[in-house]
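Here's the structure, in structure tokens; my notes come after.
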Amino acid sequence: MAPKLATIDASEPLDMILDAIARDGGVIVSNFLDPELLSESMRAIEPFFSGGKMYDPKSSHKDLGDDFFPEGSQRAYGLLAKMPEQIIKILRLKVWQGIMARFLNGEFVAFNGASKTTRKSGYILSSTAAIQLVPGAERQVLHRDDVNYGTGSLHDPKNPLFTPMVGCLIAGSRATYKNGATAVIPGSHLWGPDRAPKVEECTYAEMEPGSALFTLGTTYHGGGMNQCQKTDPDAVRTLFAIFGQRDFYRQDQQEILSTPVETARSFPDDILRLTGYYKAVGGVGFIGDHQDPAELLHVDTNGLAKFSK
Numbered sequence: 009m010a011p012k013l014a015t016i017d018a019s020e021p022l023d024m025i026l027d028a029i030a031r032d033g034g035v036i037v038s039n040f041l042d043p044e045l046l047s048e049s050m051r052a053i054e055p056f057f058s059g060g061k062m063y064d065p066k067s068s069h070k071d072l073g074d075d076f077f078p079e080g081s082q083r084a085y086g087l088l089a090k091m092p093e094q095i096i097k098i099l100r101l102k103v104w105q106g107i108m109a110r111f112l113n114g115e116f117v118a119f120n121g122a123s124k125t126t127r128k129s130g131y132i133l134s135s136t137a138a139i140q141l142v143p144g145a146e147r148q149v150l151h152r153d154d155v156n157y158g159t160g161s162l163h164d165p166k167n168p169l170f171t172p173m174v175g176c177l178i179a180g181s182r183a184t185y186k187n188g189a190t191a192v193i194p195g196s197h198l199w200g201p202d203r204a205p206k207v208e209e210c211t212y213a214e215m216e217p218g219s220a221l222f223t224l225g226t227t228y229h230g231g232g233m234n235q236c237q238k239t240d241p242d243a244v245r246t247l248f249a250i251f252g253q254r255d256f257y258r259q260d261q262q263e264i265l266s267t268p269v270e271t272a273r274s275f276p277d278d279i280l281r282l283t284g285y286y287k288a289v290g291g292v293g294f295i296g297d298h299q300d301p302a303e304l305l306h307v308d309t310n311g312l313a314k315f316s317k
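So this is what it looks like as structure tokens:
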């Protein structure tokens, strides 16, 4: 029987959560969202699912393989534009920020001529989505999320916790084995690139609404199979994906281009930094004379603001 992931309440010391992720490659954080924020989030996303249109898994994703996204889901991407108030609140949660900082911030020493300097990197939002699995949805293939970043061959036993990104899947509804709870292989973040995942090695991230599953980008996981009948009380499984990444990698989802400029102009500065409107801590991502992209948000005659109208 596969070992289970630890479940730790959001009120517990952050180090307990971080230690569990370092050991197992993932953790379930219960009460990650309070009931009010959970209700707000579910109300905000409902209009984007109300039409009932199913996601076409083969529309434009040949880069991930024909079978990466199974049949039987509804998906809404670019949540920063669709439900900005709720996403801002989630991005400011201490647990979310603490996990991202621990596994995505970096510090190293480099020489500028003969001078030794300390350089740092940070983290930003990687991508956002809301995902509903309906009865009949097939199991997703087991995969590592770091495959998108081209770092799969870099898994280093000397630095086993290196990851370009961290996943965060928040339960909007109950997530059960029957309705498609995410399959996870604890400890697989420590595997080398030559070991293939097996379904029998999986545990399942069953969660109550408001709980969140955090996984390193090197941890094998995949969406479960929804075996419910349409009349079952928990027939539809809803998750919110709020992923983070190292700030010097290209964003998995281009938040700047996915969000209307008028919406972005309303964001507070800390959210602009978290969502890619500023340079990376090390300076990557500048415009013009090493400026931050955010400087163009209020410029009507030049650059981003002009082209985004």
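Residue numbers for the sequence shown follow our numbering, so the first one is 9 and each next one is one higher.
Every residue, glycine too, gets a C-beta built ideally from N, C-alpha and C.
Keep in mind that this is a model prediction, so the values were computed, not measured.
Annotation: the segment 247-305 contains the following complete segments of the alpha helix (DSSP H) (minimum length 4 residues), in chain order: 263-266, 269-272 and 277-282. Going by beta carbons, G180 and M50 fall inside the 8 Å limit.
Here the alpha carbons of V35 and T15 stand approximately 6 Å from one another. Per DSSP, L177 is one residue of the beta strand (DSSP E) stretching across M173 to A179. Contact check between the segment 129-143 and the segment 75-91: three or more CB pairs, one atom from each, fall below 8 Å, which counts as touching. Below 8 Å, enough C-beta pairs join the segment 245-257 and the segment 162-177 to call them touching: three or more. For the pair Q235 and V149, the Cα-to-Cα distance works out to about 16 Å. Taken in chain order, the unbroken stretches of beta strand (DSSP E) that lie wholly in the segment 10-35 and span 3 residues or more are 15-17. Taking C-beta separations shorter than 6 Å and ignoring five residues to either side along the sequence, the partners of Y285 in its chain run P301 and A302, following chain order.
With respect to P168, L133 sits apart: the two C-beta atoms are not nearer than 8 Å. CA-to-CA, the gap between D242 and F119 works out to about 57 Å. D164 and S123 have their C-alpha atoms roughly 29 Å apart. Pairing W104 with F111, the inter-Cα distance amounts to about 11 Å. Judged by their CB atoms, Q94 and A52 are nearer to each other than the 8 Å cut-off. Taking the C-beta atoms as reference points, G106 is found no nearer than 8 Å to S266. The C-alpha of T239 lies about 22 Å from the C-alpha of P55. With respect to S196, P205 sits close: the two C-beta atoms are nearer than 8 Å. Around the beta carbon of G158, fewer than 16 other beta carbons sit within 10 angstroms, so the residue counts as exposed.
Listed in chain order, the alpha helix (DSSP H) elements of length 4 or more contained wholly in the segment 61-146 are 87-90, 92-99 and 102-112.
The residues L169, in chain order, have a CB closer than 7 Å to that of A30 in the same chain once the five nearest residues on each side in sequence are set aside.
Going by C-alpha positions, E48 is about 43 Å away from D202. Non-local beta-carbon contacts of K97 in its own chain, meaning distances under 7 Å to residues more than five positions away in sequence, involve L45 in chain order.
In this structure, the straight-line span from the alpha carbon of L221 to that of A213 is close to 7 Å.
Bridge pairing for S38: D17 [DSSP]. Shown here, L46 sits in a helix according to DSSP, grouped into three states.
At a Cβ-Cβ threshold of 8 Å, L13 and P194 count as neighbours.
Classified as buried, M233 has 16 or more neighbouring CB atoms from the shown chains inside 10 Å of its CB. For V192, the three-state secondary structure derived from DSSP is strand.
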